[in-house]
């Protein structure tokens, strides 16, 4: 076989031969550069809340609360106490809440429907008094609504109405809280 060319496999370099060797000073420079680039990014992060003003949280007020006369007032007092703070100090400002609920049909029609859409509206009025039996410093009134569905099941209707009333009371409490904070911050 004259003229036959023998083919040999090419020898590939190993990874150690391809990797350039770096001196310790080069590695230190690379590490310093990496730290210098990461430091500004780390400074951008914090553990403060995104959607709140830092002064509002730092300046938490404490109030005394009157006794609730119904379930809706109890829900509102719980929400306000949780968010605004509460105290047993007799000289603290007293918050007195009155709440009422009204339910109405959302749809009108003569067709009997398997389920009726309804809405519960809670009207809440909060008065801030200068201590128990003191003069009225501020009065705020807010409404909030929540929808629910009624059908032929009485127990389910009662549960749906109660749950909607409590959702509306919590929304009214949040609206009262914001109005109180706004008025008291002036």
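Numbering (our numbering), first residue to last: 3 to 188.
C-beta: ideal position from N, C-alpha, C; glycine also.
Distance, residue j Cα to residue i Cα
i: residue 182; j: residue 124; result: 18 Å
i: residue 104; j: residue 110; result: 17 Å
i: residue 153; j: residue 114; result: 11 Å
i: residue 16; j: residue 32; result: 25 Å
i: residue 130; j: residue 77; result: 18 Å
i: residue 119; j: residue 148; result: 11 Å
i: residue 39; j: residue 85; result: 40 Å
i: residue 96; j: residue 73; result: 19 Å
i: residue 83; j: residue 106; result: 30 Å
i: residue 167; j: residue 42; result: 49 Å
i: residue 179; j: residue 28; result: 59 Å
i: residue 146; j: residue 36; result: 53 Å
i: residue 187; j: residue 157; result: 45 Å
i: residue 136; j: residue 108; result: 42 Å
i: residue 56; j: residue 184; result: Confidence in residue 56 is poor, its pLDDT being 49 and thus under 50, which makes the residue's placement unreliable; the coordinate value appears in the next sentence. Rounded to whole angstroms, residue 56 to residue 184 spans 15 Å at the Cα level.
i: residue 26; j: residue 14; result: 28 Å
i: residue 122; j: residue 94; result: 33 Å
i: residue 112; j: residue 68; result: 45 Å
Residue range of the unbroken alpha helix (DSSP H) whose run includes residue i
i: residue 159; result: 156 to 186
i: residue 194; result: There is simply no residue 194 to check, as the chain begins at 3 and stops at 188 in what is shown.
Contacts around residue i, its chain only, beta-carbon distance under 6 Å, and the 5 residues preceding and following it disregarded
i: residue 197; result: Here the chain covers residues 3 to 188 and nothing more, so residue 197 does not appear.
i: residue 34; result: none
i: residue 75; result: 99, 101
i: residue 9; result: none
Own chain residues within Cβ distance below 8 Å of residue i, not counting five before or after
i: residue 91; result: 64, 66
i: residue 87; result: 62, 63, 64, 65
Beta-carbon proximity list for residue i, same chain, < 7 Å, skipping 5 on both sides
i: residue 169; result: 148
Contact between the region 135 to 142 and the region 150 to 165 (3+ Cβ pairs under 8 Å): Not touching, per the Cβ criterion.
Beta strand (DSSP E) segments (min. 3 residues) lying fully within the region 93 to 142: Taking only runs of at least 3 residues, the beta strand (DSSP E) segments lying wholly in the region 93 to 142 are 96 to 107, 118 to 131.
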